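Start counting the sequence shown at 1; every next residue gets the next number (full-length UniProt numbering). C-beta atoms are modelled at their ideal positions from N, C-alpha and C, and glycine is treated no differently. Treat the numbers as computed from the prediction; the structure is a model and nothing was measured. Report on the following structure.
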Amino acid sequence: MKVLLTGSAGFVGGAVAQALEARGDDVVRVDLLIPEAHAPGTTAADTHLVDVRDLRALRPLLDGVDVVCHQSAMVGAGVTVADLPSYASHNDLGTAVLLAAMHEAGVRRVVAASSMVVYGEGRYVCEEHGDQAPPPRSVAALEGGDFENHCGACGRPLAWATVDEDARLDPRSSYAASKVATEHYLAAWVRQAPGAAVALRYHNVYGPRMPRDTPYSGVAAMFRSSIEQGSPPNVYEDGGQMRDFVHVHDVARANLLAMDQVVAAPDETFTTYNVASGEPVPIRRVAELVAAGVSASTGRDLAPEVSGRYRLGDVRHIVASAEKARDRLGFTARIRPEQGLQAFATAPLR
């Protein structure tokens with residue numbers, strides 16, 4: 001199978017490239033190497049340094065391609081409102097141009113990276129009033145240290161539940177909005193092309209070659225970078241936020257399964273899958289596991305600090321249901337967070 005892989009020099013893209021090449025696929029690597037994700041000197045051997053927003057440069061690379069694996073994106077929660085144009089340009093426009101180039105080249109199958117952030121807040125349940133859809137948490141509540149979502153009927157804190165792929169989309173950040181746009185472009189393209197597409201909604205991905213020392217990286221890498229600099233990892237809110245952390249090697253395997261599936265899928269098919277470990281953990285525990293891994297390796301013991309700080313773009317709990325990916329894609333994560341996060345503490349970063 002011939003695969004055009006965007007974002008091939010990135011954290012997830014690099015893992016996907018290795019997995020594809022290990023099984024003998026022909027991979028056309030494409031990347032732009034934006035500074036938010038790539039330090040100066042990032043190796044780009046065998047990579048076409050092409051901007052996916054440049055249709056003329058991209059189009060010749062699509063000749064003979066069976067499927068596109070689209071990992072190229074501006075990632076992270078966004079640091080300031082000034083980041084909005086970057087998300088819109090790299091993610092929204094980049095996806096639109098790529099799909100147009102694919103149509104021109106007659107390439108009709110694509111797997112694209114999406115994210116759990118498309119859901120906004122997770123799923124919440126009141127033991128008395130059932131499912132609830134809370135509004136964004138107020139600044140006043142967050143300033144007062146009240147981080148939970150509350151039932152609109154009785155005011156009690158809501159319990160979290162797993163979110164499946166049919167949940168409503170409610171983006172709360174510029175990155176989230178760009179990922180919703182990506183999925184909407186895919187859904188429109190499969191009808192217009194016609195073609196078939198799969199969007200993989202990654203949960204918190206971690207593992208070797210994550211970018212270091214940047215707010216555009218994942219929280220696990222930020223915890224580790226703090227420890228390496230001699231500072232305790234800073235845990236926002238009260239550390240009770242529930243998340244799912246999935247290893248990059250599992251994510252790469254999910255991409256290969258999705259590519260095999262979409263190549264065989266009929267036209268006008270658009271499918272979404274949560275890609276998660278299925279073992280949610282609180283953020284405080286993530287910091288503890290990373291700190292424990294560093295301590296075991298270096299003897300440097302820095303316990304996490306729970307700061308009570310917050311970010312308005314953050315949600316309280318978001319935990320995916322892994323059932324659809326298991327039942328329809330054949331994907332189950334193999335690396336458990338309790339082991340993987342400690343090992344990550346000494347894995348090489350980029």
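Since residue i and residue j should fall inside the 8 angstroms C-beta cutoff, what is the C-beta to C-beta distance between them, to a whole number of angstroms?
i: Ala196; j: Thr269; result: 4 angstroms
i: Gly278; j: Ala333; result: 6 angstroms
i: Ala199; j: Val16; result: Their Cβ separation, rounded to whole angstroms, is 15 angstroms, which puts Ala199 and Val16 out of contact at 8 angstroms.
i: Leu4; j: Val68; result: 5 angstroms
i: residue 355; j: Ala265; result: The shown model of the chain, from 1 to 350, leaves out residue 355, and the question about it has no answer.
i: Ala112; j: His70; result: 4 angstroms
i: Thr271; j: Ser114; result: Actually they do not touch by this definition, with Cβ atoms about 11 angstroms apart.
i: Cys126; j: Arg168; result: With 8 angstroms as the limit, Cys126 and Arg168 do not qualify as a contact, their Cβ atoms being about 18 angstroms apart.
i: Pro134; j: Asn149; result: 4 angstroms
i: Asp31; j: Ala9; result: 4 angstroms
Per DSSP, what kind of secondary structure is residue i in: helix, strand or coil?
i: Leu169; result: coil
i: Ser115; result: strand
i: Arg29; result: strand
i: Leu99; result: helix
i: Ala37; result: The predicted position of Ala37 is uncertain, since its pLDDT is 49 and thus under 50; a value taken from the coordinates is nonetheless stated next. Ala37 falls in the coil class under three-state DSSP.
i: Arg209; result: coil
i: Ala345; result: coil
i: Leu158; result: coil
i: Gly130; result: strand
i: His203; result: coil
i: Arg328; result: helix
i: Ala22; result: helix
i: Val65; result: coil
i: Arg123; result: strand
i: Ala196; result: strand
i: Arg109; result: strand
i: Thr182; result: helix
i: Val75; result: coil
i: Leu4; result: strand
i: residue 351; result: Because the chain spans 1 through 350 in this model, residue 351 falls outside it and cannot be assessed.
Where residue i and residue j are concerned, what is the direct C-alpha to C-alpha distance, given to the nearest angstrom?
i: Ala291; j: Leu302; result: 6 angstroms
i: Val281; j: Pro60; result: 45 angstroms
i: Gly239; j: Glu305; result: 9 angstroms
i: Asp260; j: Val75; result: 26 angstroms
i: Ala181; j: Ser174; result: 11 angstroms
i: Val52; j: Leu256; result: 21 angstroms
i: residue 392; j: Arg29; result: Because the chain spans 1 through 350 in this model, residue 392 falls outside it and cannot be assessed.
i: Pro233; j: Gly106; result: 49 angstroms
i: Gly89; j: Gly13; result: First, the residue type needs correcting, since residue 89 is Ser and not Gly in the sequence shown. Approximately 19 angstroms, taken between the alpha carbons.
i: Gln132; j: Pro208; result: 38 angstroms
i: Ala19; j: Cys151; result: 45 angstroms
i: Val117; j: Val219; result: 14 angstroms
i: Ala153; j: Val97; result: 46 angstroms
i: Glu128; j: His203; result: 29 angstroms
i: Asp83; j: Ala140; result: 25 angstroms
i: Asp92; j: Arg311; result: 24 angstroms
i: Phe11; j: Arg309; result: 28 angstroms
i: Glu228; j: Pro85; result: 32 angstroms
i: Pro241; j: Leu62; result: In the sequence as displayed, the identity of residue 241 is Gln instead of Pro. Those two C-alpha atoms are separated by around 42 angstroms.
i: Ser138; j: Thr80; result: 19 angstroms
i: Gly145; j: Gly313; result: 16 angstroms
i: Val50; j: Val110; result: 18 angstroms
i: Leu289; j: Gly24; result: 36 angstroms
i: Ala343; j: Gly230; result: 19 angstroms
Is the beta carbon of residue i less than 8 angstroms from the beta carbon of residue j?
i: Ala322; j: Ala258; result: no
i: Asp66; j: Val263; result: yes
i: Tyr124; j: Ala101; result: no
i: Ser236; j: Ser178; result: Checking the sequence, you will find Tyr at residue 236 rather than Ser. No, they are not a contact pair.
i: Gly293; j: Ala345; result: yes
i: Tyr206; j: Phe147; result: no
i: Arg243; j: Ile318; result: yes
i: Glu121; j: Arg284; result: no
i: Val163; j: Ala22; result: no
i: Gly7; j: Ala57; result: no
i: Arg108; j: Pro211; result: no
i: Tyr185; j: Leu55; result: no
i: residue 394; j: Ala296; result: There is simply no residue 394 to check, as the chain begins at 1 and stops at 350 in what is shown.
i: Asn274; j: Glu183; result: no
i: Asp267; j: Ile335; result: no
i: Lys2; j: Gly94; result: no
i: His103; j: Ala193; result: yes
Please confirm whether any heavy atom of the ligand ZN lies closer than 7 angstroms to the CB of residue i.
i: Trp160; result: Absent from the structure shown: the ligand ZN. Ligands present: none.
**Request:** Scan the segment 215 to 274 and note each continuous beta strand (DSSP E) run of 3 residues or more that stays entirely inside, going in chain order.
**Result:** 245 to 247
**Message:** Please give me, in chain order, every unbroken run of the alpha helix (DSSP H) with length at least 4 that falls completely inside the segment 268 to 320.
**Reply:** Taking only runs of at least 4 residues, the alpha helix (DSSP H) segments lying wholly in the segment 268 to 320 are 283 to 298.
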